[in-house]
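At position 26 of the first sequence (counting the first as 1) the number is 911 in the working numbering, and the numbers step up by one without a gap.
Okay, so here's the structure we're looking at.
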Amino acid sequence: MPEMPEVEIIRRGLAGKLVDCQIIDADILLPRLIKWPGIDDFSASVVGRTIKQVNRQGKYLLFVLDNGNNLVFHLRMTGRLCWVAAGAEQDAYRRIVFALDSGDSLVYADTRTLGTVYVLPQEDLWRISGLASLGPEPLSEAFTAEYLSLVLAKKRTKIKSFLLNQKYIGGLGNIYADEALAVAGIHPLRTAETLLPDEVKRLHAAVNQVIAEGIADGGTTFRDYRNGEGKAGHHQERLLVYGRDKSPASTAAM
DNA sequence: CAATAGCCCTGGTGGC
DNA sequence: TGCCACCAGGGCTATT
């Protein structure tokens, strides 16, 4: 399940391959993944366009095209976005294949097909509600201990649920939320507003730390995650808690 | 506001 | 070996 570090690794890998590449065709094998606009408008907005930037917001990947449109992906559980060299074998679960002028391809593959794809002009990105409501992300200037303290103080939800809510912090999922809590020494079932000032500081530092380490390790691969070149990450070797036991503390439904 | 259930989905797994 | 219930779990919606 790609979280912010995994998506960032994908972004970096793809940026190096795709900037200034032209998309010459879009083979849409599973149209229902495209949530906006309709399939015809989608193709028309993308084909013939050149990719100018590869950006990331939270767990969203955004390809800025030379017509001002953004090609947006959310990988959800099992989405993979890979650059595939001309003639090389493509993922068996490919759902959308973008042919590039170089002869290579950008392949969106997704086993469980829960991912979402959009094309929208910059000024219409608000239509993607999850993107519009995304909170500050770890390692950003906006994500300060003060911010965290302020928001936590008003929330009676459990701290792990809080961390998973993208409105409050953009980019954490199960793995890094568990890890951050473990590093900070805070039980996942604690009520958010009961965290003491010192715990809030530890949590803030821990969130930044685990995200930075995840990125440094090339992401975490349990089963499905691959980077933009189809390779696994290795942060799973350094995890403290996630996937290591089945006690209520680490697996309670949040 | 918070918690919960249901939905979207497919493949891997474990039980029998 | 084959069948099947169950689980994975991000994010959204509807309900309590």
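Where is the CB? At the ideal position from N, CA and C, for every residue including glycine.
Rounded to whole angstroms, the gap between the alpha carbons of ILE908 and LYS937 is 11 Å.
The beta carbon of GLN1121 is closer than 7 Å to those of THR1105, THR1106, PHE1107 in its chain, skipping five residues each way along the sequence.
Secondary-structure assignment with DSSP links GLN942 through a beta bridge to TYR945. LEU914 sits close to ARG979, with the two beta carbons spaced by under 8 Å. In the DSSP secondary-structure assignment, PHE1107 is not bridged to any residue. In this structure, TYR1061 places its C-beta atom within 8 Å of the C-beta atom of GLU888. Per DSSP, LYS1040 lies in no beta strand (DSSP E) and is assigned neither H nor E.
In the DSSP annotation of this structure, the continuous segment of the alpha helix (DSSP H) that includes HIS1089 starts and ends at 1082-1101. Here ARG917 is exposed, its C-beta having fewer than 16 other C-beta atoms within 10 Å. In this model, VAL939 and ARG897 are separated by some 8 Å (Cα to Cα). Cβ-Cβ distances below 8 Å link TYR1110 to MET886, PRO887, GLU891, ARG965, GLY1104, ALA1117, GLY1118 in the same chain, with the five nearest sequence neighbours on each side left out; the list follows chain order.
Secondary structure note for ILE909: its beta strand (DSSP E) is the uninterrupted segment 908-913. VAL1004 has its alpha-carbon roughly 11 Å from the corresponding atom of ARG1012. One thing to note: GLY1113 has its Cβ no nearer than 8 Å to the Cβ of GLN942. With a cutoff of 8 Å on beta-carbon distance, ILE1100 and GLU1084 are scored as not near each other. Within a 10 Å sphere around the beta-carbon of SER1014 sit fewer than 16 other beta-carbons, which makes this residue exposed. The Cβ neighbour count for LEU1035, taken over all protein chains shown within 10 Å, is under 16; the residue is labelled exposed. Distance from the CA atom of GLU1022 to the CA atom of LEU1010, rounded to whole angstroms, is 18 Å. Beta-bridge annotation (DSSP): ARG965 is paired with ALA994. GLN1051 is classed as buried because its beta carbon has at least 16 other beta carbons within 10 Å across all chains shown.
ALA1067 and ALA1030 have their alpha carbons spaced roughly 18 Å apart.
Annotation for TYR978: no alpha helix (DSSP H) segment contains it, and DSSP assigns it neither H nor E.
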